[in-house]
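Remarks on the structure that follows.
In my numbering, the protein residues as written are 16 to 224.
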């Protein structure tokens, strides 16, 4: 006999705080998160850290996403400060410049890549864990960068590579992840799965705001 009063499980929209590094891809990335049920709030990288703190207190986000952008981590506005403040409060996901900023914040070195990659599709090999769980190996990914991680700090683990270039990372003890490629690009067919994996992992870690 069927249960006439099944338990209703409420679904809460994940709240995502975006730092926009003035990149044309930012809202494509935002849209990919919104398609997966997220409530996304976007703030430019020139937003003062104190303002971001206040926004986070009001929004109570589940995840911080740092967008791609031009330049390098040292010119990425509030990005490095935000990583420092939120690293023990929220899961963090960095894309391209955001990925490079994670490397630099934790003591790694970012420099010129062997080749400038703009709108190029490459095969990315990965460890099959975390945000890469369930993906084909290697998978195709869209790359748009002239910089990359040259030296990785001890606290970060390389989770994906392409031609010996770091394409994915995670912090060894904190829910902090980065990808050098663009998951929102049409050149990354598995990008949606990566974002969903990220959201699933973020839900497990929770927030400490």
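Glycine included, C-beta positions come from ideal geometry on N, C-alpha and C.
Start-to-end residues for the alpha helix (DSSP H) that takes in residue i
i: residue 96; result: 94-101
i: residue 113; result: 112-120
i: residue 74; result: 64-74
i: residue 44; result: 41-49
Selection from the options that minimises the alpha carbon distance to residue i
i: residue 195; options: 138, 220, 111 and 130; result: 111
i: residue 215; options: 51, 135, 136 and 193; result: 51
i: residue 207; options: 39, 156 and 65; result: 156
i: residue 78; options: 108, 144 and 184; result: 108
i: residue 145; options: 40, 192, 75 and 167; result: 192
i: residue 187; options: 121, 138 and 199; result: 121
i: residue 184; options: 99, 96, 57 and 117; result: 117
i: residue 11; options: 114, 201 and 168; result: Missing from the structure shown is residue 11; the chain here goes from 16 to 224 and no further.
i: residue 101; options: 85, 81 and 138; result: 81
i: residue 138; options: 148, 131, 203 and 69; result: 203
Host beta strand (DSSP E) of residue i (start-end)
i: residue 56; result: 54-59
i: residue 86; result: No beta strand (DSSP E) contains residue 86, which DSSP labels as neither H nor E.
i: residue 155; result: 154-166
i: residue 33; result: 30-35
i: residue 27; result: Counting along the chain, residue 27 falls outside any beta strand (DSSP E), and DSSP gives it neither H nor E.
i: residue 136; result: 124-141
i: residue 150; result: Run containing residue 150: none; DSSP gives neither H nor E here.
i: residue 172; result: 171-177
i: residue 79; result: 78-81
6 Å Cβ shell around residue i - same chain, five flanking residues per side excluded
i: residue 54; result: 28 and 30
i: residue 205; result: 150 and 154
Chain-order list of residues whose beta-carbon lies under 8 Å from that of residue i (same chain, five-residue window excluded)
i: residue 220; result: 106 and 190
i: residue 24; result: The predicted model places residue 24 with a pLDDT of 32, which falls under 50 and marks its position as unreliable; any figure quoted below should be read in that light. Answer for residue 24: no residue qualifies.
i: residue 61; result: 92 and 93
i: residue 95; result: 88, 89, 116, 119 and 120
7 Å Cβ shell around residue i - same chain, five flanking residues per side excluded
i: residue 143; result: 152
i: residue 210; result: 47, 48, 51 and 198
i: residue 213; result: 108, 146 and 192
Q: State whether the segment 157-164 contacts the segment 173-189, with contact taken as three or more CB pairs (one from each stretch) at a distance under 8 Å.
A: Three or more beta-carbon pairs separated by less than 8 Å link the segment 157-164 to the segment 173-189, which places the two stretches in contact.
Q: Would you list, in sequence order, the uninterrupted beta strand (DSSP E) runs of no fewer than 3 residues that lie entirely inside the segment 187-213?
A: Residue ranges of uninterrupted beta strand (DSSP E) with 3 or more members, entirely inside the segment 187-213 and ordered along the chain, are 191-194.
Q. Given 8 Å as the limit, is there contact between the segment 44-60 and the segment 122-140, that is, 3 or more CB pairs closer than that?
A. Judged by Cβ distances under 8 Å, the segment 44-60 makes no contact with the segment 122-140, as fewer than three pairs qualify.
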